[in-house]
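**Q**
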Amino acid sequence: NSYRGDGAYGQYMLMLPELDAVIAITEESADLQGALDLVWEHLLPSFQNKPIKESPAQTALKERLAKLALPLPKSNSDATARNIKAAKKFFEMQSNELGITNVNIAFQGSDCRLMLKINDTMYPLFFGEGQWKYMTTPKIGPYLVAGIKGSMEGLPPSQVAGSYAWLDDNTLQFKLRYIESPHSETYTCRFNAGKMTMEYEKSTDFGGKKTVLNSK
Numbered sequence: 004n005s006y007r008g009d010g011a012y013g014q015y016m017l018m019l020p021e022l023d024a025v026i027a028i029t030e031e032s033a034d035l036q037g038a039l040d041l042v043w044e045h046l047l048p049s050f051q052n053k054p055i056k057e058s059p060a061q062t063a064l065k066e067r068l069a070k071l072a073l074p075l076p077k078s079n080s081d082a083t084a085r086n087i088k089a090a091k092k093f094f095e096m097q098s099n100e101l102g103i104t105n106v107n108i109a110f111q112g113s114d115c116r117l118m119l120k121i122n123d124t125m126y127p128l129f130f131g132e133g134q135w136k137y138m139t140t141p142k143i144g145p146y147l148v149a150g151i152k153g154s155m156e157g158l159p160p161s162q163v164a165g166s167y168a169w170l171d172d173n174t175l176q177f178k179l180r181y182i183e184s185p186h187s188e189t190y191t192c193r194f195n196a197g198k199m200t201m202e203y204e205k206s207t208d209f210g211g212k213k214t215v216l217n218s219k
C-alpha cells in the first residue's frame with residue numbers, strides 16, 4: 004500500500020501512509036530496482052508504530068554517516084616543478100563536440116585553476132590537491148534535459164566542488180562534482196612534447212563513453 008515519485012538515475016520519493024513514513028533517495032545508479040529492493044529488505048521490516056530506543060547498531064550508523072565523504076582523486080606522482088612545466092599554461096584546441104576552443108591551466112600553491120573557453124564563454128574552475136575546492140559556476144554540467152530549448156533559463160549557477168591529482172608525471176586529472184545533484188565530470192589531461200590530449204567523461208555515461216580532445 005505504498006506509492007512513489009520517480010526521477011532520473013534513481014531519485015525516489017516513497018510514501019508509506021500506513022506507517023506515516025516518507026523515504027527520499029538521491030543516487031546516480033544504473034541499477035534502479037536495486038535501491039528499492041534494499042528499502043524493502045532492510046528498512047521496511049524495521050518500521051514500528053511505537054518509539055524505539057537507540058540500539059548499538061543505530062549509534063554505529065550515526066558515527067559512520069558523520070564520517071562519510073566522497074573519495075578524492077589520488078596522486079601517484081609528486082606535483083614537482085617538472086610536472087607543472089609539463090602542464091603548459093595555454094592550449095588552443097582542435098574542433099570538438101564539446102565546443103571547447105581553449106584550455107588554460109594555472110597553479111597557485113597547491114591549488115589549480117582550469118579555465119575552459121566554451122563557445123566564446125570563459126569558465127574558471129578551481130581545484131584543490133587532496134581536498135575539495137567549493138565554488139559556483141554558470142557552466143552547465145551533466146543534465147538529463149539539457150538539450151531542451153530553454154531548459155536552463157532562470158536557473159542559478161551550479162554549486163560545484165573540484166579536486167585534482169597527478170596520475171603520473173605527465174597526466175593531470177580534474178574531478179568536478181555538481182554537489183546539488185549526484186552527477187560529476189572528469190577531465191584527464193595528458194601532456195607530451197608541448198601538446199595536450201584531454202579525455203572528458205561524465206558520470207551519467209557510467210564509464211561507457213569518453214570524448215577525446217586534442218590541442219593544435
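Numbering follows the numbering used here, in which position 137 of the sequence shown is assigned residue number 140; successive positions increment by one, without gaps. The beta-carbon is built from N, C-alpha and C at its ideal position, and this holds for glycine as well.
Please report the residue range of the beta strand (DSSP E) in which lysine 92 lies.
**A** Position 89 of the sequence shown holds residue 92. Lysine 92 -> no beta strand (DSSP E), and no H or E assigned at all.
**Q** Go through the segment 121-181 residue by residue and report every complete run of the beta strand (DSSP E) that reaches 3 residues or more, in order.
**A** Fully contained in the segment 121-181 are the following beta strand (DSSP E) runs of length 3 or more, in chain order: 124-132, 136-140, 161-171, 174-181.
**Q** When burial is assigned at 16 or more other CB atoms within 10 Å of the CB, is serine 113 buried or exposed?
**A** Residue mapping note: residue 113 aligns to position 110 of the sequence shown, counting from 1. It counts as exposed.
**Q** So, helix, strand or coil for lysine 219, using DSSP?
**A** The residue given as residue 219 occupies position 216 in the sequence shown. The answer is coil: DSSP assigns lysine 219 none of H, G, I, E or B.
**Q** Quick one: measure Cβ to Cβ for glycine 13 and serine 32, integer angstroms, because I've assumed they're closer than 8 Å.
**A** Position 10 of the sequence shown, counted from the first residue, corresponds to residue 13. Position 29 of the sequence shown, counted from the first residue, corresponds to residue 32. At roughly 4 Å, the Cβ-Cβ gap stays under 8 Å, so glycine 13 and serine 32 are in contact.
**Q** Once DSSP output is grouped into helix, strand and coil, what is the label at aspartate 9?
**A** To locate residue 9, count along the sequence shown from 1; it is residue 6. Annotated three-state conformation of aspartate 9 is strand, per DSSP.
**Q** Given a threshold of 16 other Cβ atoms within 10 Å of its Cβ, counted over all protein chains shown, does arginine 180 qualify as buried or as exposed?
**A** Here residue 180 is taken as the residue at index 177 of the sequence shown, counted from 1. Buried, by the Cβ-count rule.
**Q** How about glycine 165 and phenylalanine 129: are their beta carbons less than 8 Å apart?
**A** As a position in the sequence shown, residue 165 is number 162, starting the count at 1. As a position in the sequence shown, residue 129 is number 126, starting the count at 1. Result yes, Cβ atoms of glycine 165 and phenylalanine 129 sit closer than 8 Å.
**Q** Which residues mark the beginning and the end of the alpha helix (DSSP H) in which threonine 207 is found?
**A** The residue given as residue 207 occupies position 204 in the sequence shown. Counting along the chain, threonine 207 falls outside any alpha helix (DSSP H), and DSSP gives it neither H nor E.
**Q** By Cβ distance, which residues of its chain are closer than 6 Å to phenylalanine 94, with the 5 residues on each side in sequence left out?
**A** Stepping through the sequence shown from its first residue, residue 94 is reached at position 91. So the list reads Val106, Met199, Ser218, once near-sequence residues are dropped.
**Q** With DSSP run on the structure shown, which of helix, strand or coil describes serine 187?
**A** In the sequence shown, the residue the question calls residue 187 occupies position 184. DSSP places serine 187 in strand when its eight states are reduced to three.
**Q** Check whether the segment 183-190 touches the segment 19-36, counting contact only when three or more Cβ pairs, one atom from each stretch, lie closer than 8 Å.
**A** yes
**Q** With three or more C-beta pairs closer than 8 Å as the rule, is the segment 57-71 touching the segment 156-175?
**A** no
**Q** Helix or strand or just coil, what does DSSP make of leucine 46?
**A** For the purposes of this step, residue 46 is taken as the residue at position 43 of the sequence shown. Note: leucine 46 maps to helix in three-state DSSP.
**Q** Express the C-alpha separation of proline 76 and aspartate 171 in angstroms, rounding to a whole number.
**A** Residue 171 sits at position 168 when you count from the first residue of the sequence shown. Residue 76 sits at position 73 when you count from the first residue of the sequence shown. If I take the Cα positions, the gap works out to 12 Å.
**Q** Tell me which same chain residues have a C-beta within less than 6 Å of the C-beta of glutamate 202, skipping the five on either side of it?
**A** Position 199 of the sequence shown, counting from 1, holds the residue named residue 202. Thr191, Lys213, Val215.
**Q** Asparagine 195: which of Leu175, Ala27, Thr189, Ala60 sits nearest, CA to CA?
**A** The residue given as residue 195 occupies position 192 in the sequence shown. Nearest of Leu175, Ala27, Thr189, Ala60 to asparagine 195, Cα basis: Leu175.
**Q** Please state the DSSP three-state secondary structure of glutamine 111.
**A** The residue given as residue 111 occupies position 108 in the sequence shown. If DSSP states are grouped into helix, strand and coil, glutamine 111 belongs with the strands.
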